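A.B. asks: Input: one structure, supplied below.
There are 2 protein chains.
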Amino acid sequence: MNQKFFSLPTERQDLIRSSAMLEFGANTFKKTSADSIAKRAGVSKGLLFHYFKDKRELYAYLFQYAIDACMEAFNRQMERMSYFGETDFFAALERGHKIKMDMVRRMPGLFRFVMRAYYERDSVLSPKLRKKLDDVLAQSTGSFLARMDLHKFKDGVDPRQVVRLLTLSAEGMLAETNACTAEEIDRLFLEYKRNADMLRRFLYKEEYL
Amino acid sequence: MNQKFFSLPTERQDLIRSSAMLEFGANTFKKTSADSIAKRAGVSKGLLFHYFKDKRELYAYLFQYAIDACMEAFNRQMERMSYFGETDFFAALERGHKIKMDMVRRMPGLFRFVMRAYYERDSVLSPKLRKKLDDVLAQSTGSFLARMDLHKFKDGVDPRQVVRLLTLSAEGMLAETNACTAEEIDRLFLEYKRNADMLRRFLYKEEYL
DNA sequence: GGGGTCTTGACCGATTTGGTCAACGGCGGT
DNA sequence: ACCGCCGTTGACCAAATCGGTCAAGACCCC
Chain A
1 MNQKFFSLPT
11 ERQDLIRSSA
21 MLEFGANTFK
31 KTSADSIAKR
41 AGVSKGLLFH
51 YFKDKRELYA
61 YLFQYAIDAC
71 MEAFNRQMER
81 MSYFGETDFF
91 AALERGHKIK
101 MDMVRRMPGL
111 FRFVMRAYYE
121 RDSVLSPKLR
131 KKLDDVLAQS
141 TGSFLARMDL
151 HKFKDGVDPR
161 QVVRLLTLSA
171 EGMLAETNAC
181 TAEEIDRLFL
191 EYKRNADMLR
201 RFLYKEEYL
Chain B
1001 MNQKFFSLPT
1011 ERQDLIRSSA
1021 MLEFGANTFK
1031 KTSADSIAKR
1041 AGVSKGLLFH
1051 YFKDKRELYA
1061 YLFQYAIDAC
1071 MEAFNRQMER
1081 MSYFGETDFF
1091 AALERGHKIK
1101 MDMVRRMPGL
1111 FRFVMRAYYE
1121 RDSVLSPKLR
1131 KKLDDVLAQS
1141 TGSFLARMDL
1151 HKFKDGVDPR
1161 QVVRLLTLSA
1171 EGMLAETNAC
1181 TAEEIDRLFL
1191 EYKRNADMLR
1201 RFLYKEEYL
């Protein structure tokens, strides 16, 4: 790809990336037209092909970008947790979810795009990129749990399962909305918090409430 | 539409409906081609337009069909619950989820199709159809809870929220897979059950465990 | 006004689109 | 053996859309 893309103003970069992700998230790779991406970004099609030689290249770049963005956000959160010595499971998870919602706000199409890209039939992505995502997902939960104080849970609770349940519910919410407006994202976050609070209330030992 | 469609063997009807839903579920209405539907169903494009005058008509029919199928499944379950006098929240919910998974097995594209159709930008559906789905969803949870014995829950638990949480997690699971193979569907059901069991264990009063 | 850079939109041939239609094949009746 | 019926096909159409190119414009600092 043309490296000059990165010397564009960040907002413009974001606008193009965001538009492209939204379009690729709404349709198959094959059925997503460069025209529709350009139109959504308010940019000419020529410019798109000036920065990315191919539809394929654009797609691969977006996937790489999305993974890196997730990784970076996750690592930043972990560092922050270390710094403040946060060890409470739900507090940390809530903070993580808040960060995720902020990413949704800034890049509404990112998560749907990643999910679609991962399951796309035609292997438009190199197995290498795919594997990278697998690694990120596999590691994140583990290294998150390792830092948490899990004694607060009642006996018989599997914290891994709690993470998974809350993550699934968040994915469910994300799937059932377009999640465009700011209020909608706030609503998603509130519902998440309500669910997390319920779990906390009944899964923590009483002395930790 | 051509009423003779209904005198086709049921399997053939299902094959066509299923293929169409899968295609419409994968792409926007505009970007979904009649050709791809026909190809997936192993049928000529001519036949499709013999039974449905339009792409639009096919689409509207599928939506109507999907809602009716959901409604009918739901009502059947309710009757069954009445008949057997089932009042346990989690038992009934599990049974409901099992029915849902059976629908996924028979019509893999149905739920994704409905969700997409509901949020499709271009109003290809009449508001009437859209409203019908709203009504179904709004009523179902209410009339379900009305028959359940909610005393088993610990104080402070909102059963509505529990339904919602489990439903969301199921949607999340459905969203993150293609859910094609039978084993995959079984896996989804098992994970659902594991989550439901956890909630049951910690949200029910101890004397009901 | 000159030189360089970002950006456009008209343009290309190739493919795909929704939809039509004449013809085919198989089958039950006579 | 022949007919008429009907579900089904696949070639066919004009129109739209596709990915990608490129010469020319817009904009800037000098």
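Chains as they are written, first to last, in the numbering used here: chain A, 1 to 209; chain B, 1001 to 1209.
We treat Cβ as the ideally placed atom computed from N, Cα and C, and that holds for glycine.
In this text the structure is predicted, and so the values were computed from the model without any measurement.
Out of A:Ser143, A:Leu8, A:Ala117 and A:Phe153, which one is the CA nearest neighbour of A:Asp32?
C.D. replies: The question names Asp, but residue 32 of chain A is Thr in the sequence shown. The residue with the shortest Cα to Cα distance from A:Thr32 is A:Ala117.
A.B. asks: Can you find at least 3 beta carbon pairs, one from the region 191-203 of chain A and one from the region 151-162 of chain A, that sit closer than 8 angstroms?
C.D. replies: Cβ pair count under 8 angstroms is three or more, so yes.
A.B. asks: Could you tell me whether the Cβ of B:Ala1175 comes closer than 8 angstroms to any Cβ of chain A?
C.D. replies: B:Ala1175 counts as touching chain A.
A.B. asks: Using the beta-carbon count (16 or more within 10 Å), is B:Tyr1192 buried or exposed?
C.D. replies: Buried, because 16 or more other Cβ atoms sit within 10 Å of the Cβ of B:Tyr1192.
A.B. asks: Quick check on B:Leu1029: does DSSP put it in helix, strand or coil?
C.D. replies: Here residue 1029 of chain B is Phe; the residue named in the question, Leu, does not match the sequence. If DSSP states are grouped into helix, strand and coil, B:Phe1029 belongs with coil.
A.B. asks: If you count every other CB in all the chains shown that lies within 10 Å of the CB of A:Tyr51, and 16 or more means buried, which is it?
C.D. replies: So A:Tyr51 counts as buried.
A.B. asks: Between the alpha carbons of B:Leu1165 and A:Ala69, how many angstroms are there, rounded?
C.D. replies: Straight-line Cα distance between these residues: approximately 28 angstroms.
A.B. asks: Hey, how far is the Cα of A:Ile16 from the Cα of A:Met1?
C.D. replies: Taking the straight line joining both Cα atoms gives about 14 angstroms.
A.B. asks: Output, in sequence order along the chain, the residues in the region 1152-1178 of chain B whose CB is closer than 9 angstroms to any CB in chain A.
C.D. replies: Correct list: Lys1154, Gly1156, Val1157, Asp1158, Gln1161, Val1162, Arg1164, Leu1165, Leu1166, Thr1167, Leu1168, Ser1169, Ala1170, Glu1171, Gly1172, Met1173, Leu1174, Ala1175, Glu1176, Thr1177 and Asn1178.
A.B. asks: In whole angstroms, what separates the C-alpha of B:Tyr1119 from that of A:His151?
C.D. replies: Taking the straight line joining both Cα atoms gives about 43 angstroms.
A.B. asks: Please check if any C-beta of chain B sits within less than 8 angstroms of the C-beta of A:Phe215.
C.D. replies: The structure shown does not extend to residue 215 of chain A, since chain A is modelled only from 1 to 209, so the question has no answer here.
A.B. asks: Is there at least one Cβ from chain B nearer than 8 angstroms to A:Thr28's Cβ?
C.D. replies: It does: the Cβ of A:Thr28 has a partner Cβ on chain B nearer than 8 angstroms.
A.B. asks: So, with DSSP's three-state summary, where would you put A:Phe52?
C.D. replies: Residue state, collapsed to three classes: coil.
A.B. asks: Span of the alpha helix (DSSP H) holding A:Leu8?
C.D. replies: Note, A:Leu8: premise wrong, no alpha helix (DSSP H); not H, not E.
A.B. asks: For my contact list, A:Ala60 and A:Lys45 are in at a C-beta cut-off of 8 angstroms; report their separation, rounded to the angstrom.
C.D. replies: Their Cβ separation, rounded to whole angstroms, is 19 angstroms, which puts A:Ala60 and A:Lys45 out of contact at 8 angstroms.
A.B. asks: Excluding the five sequence neighbours on either side, which residues of its own chain have a C-beta within less than 7 angstroms of the C-beta of A:Lys55, listed in chain order?
C.D. replies: Same-chain partners within the cutoff: Ala34.
A.B. asks: Have a look at B:Leu1188 and A:Leu8 and give me their C-alpha separation to the nearest angstrom.
C.D. replies: Distance between the alpha carbons of B:Leu1188 and A:Leu8 is about 44 angstroms.
A.B. asks: For A:Met198, go through chain B and note every residue whose CB falls closer than 7 angstroms to its CB, in chain order.
C.D. replies: Neighbours of A:Met198 on chain B, chain order: Gln1161.
A.B. asks: Please name the residues in the region 1099-1131 of chain B whose beta-carbon is closer than 7 angstroms to at least one beta-carbon of chain A, in chain order.
C.D. replies: Listed by position along the chain: Met1115 and Tyr1119.
A.B. asks: Between the region 1018-1025 of chain B and the region 1101-1116 of chain B, can you find at least three pairs of beta-carbon atoms closer than 8 angstroms?
C.D. replies: With the cut-off at 8 angstroms, the region 1101-1116 of chain B and the region 1018-1025 of chain B touch.
A.B. asks: What span of residues does the alpha helix (DSSP H) with B:Ser1143 cover, start to end?
C.D. replies: Start and end: Pro1127 to Arg1147.
A.B. asks: Among the candidates A:Ala179, A:Ala41, A:Ser140 and A:Glu176, whose CA atom is the shortest distance from the CA of A:Leu93?
C.D. replies: Nearest C-alpha to A:Leu93: A:Ser140.
A.B. asks: In chain B, what lies closer than 9 angstroms to A:Lys193 by C-beta?
C.D. replies: Here the premise fails: no neighbours, minimum Cβ distance about 12 angstroms.
A.B. asks: Just list the residues that DSSP pairs B:Tyr1204 with in beta bridges.
C.D. replies: Answer is B:Phe1153, bridged to B:Tyr1204.
A.B. asks: Does B:Gly1236 come out as helix, strand or coil in the three-state DSSP assignment?
C.D. replies: What is shown of chain B runs 1001 to 1209, which leaves residue 1236 of chain B out entirely.
A.B. asks: What residues in its chain sit with their C-beta under 8 angstroms from that of A:Glu72, if we drop five residues either side in the sequence?
C.D. replies: Result list for A:Glu72: empty, nothing under 8 angstroms.
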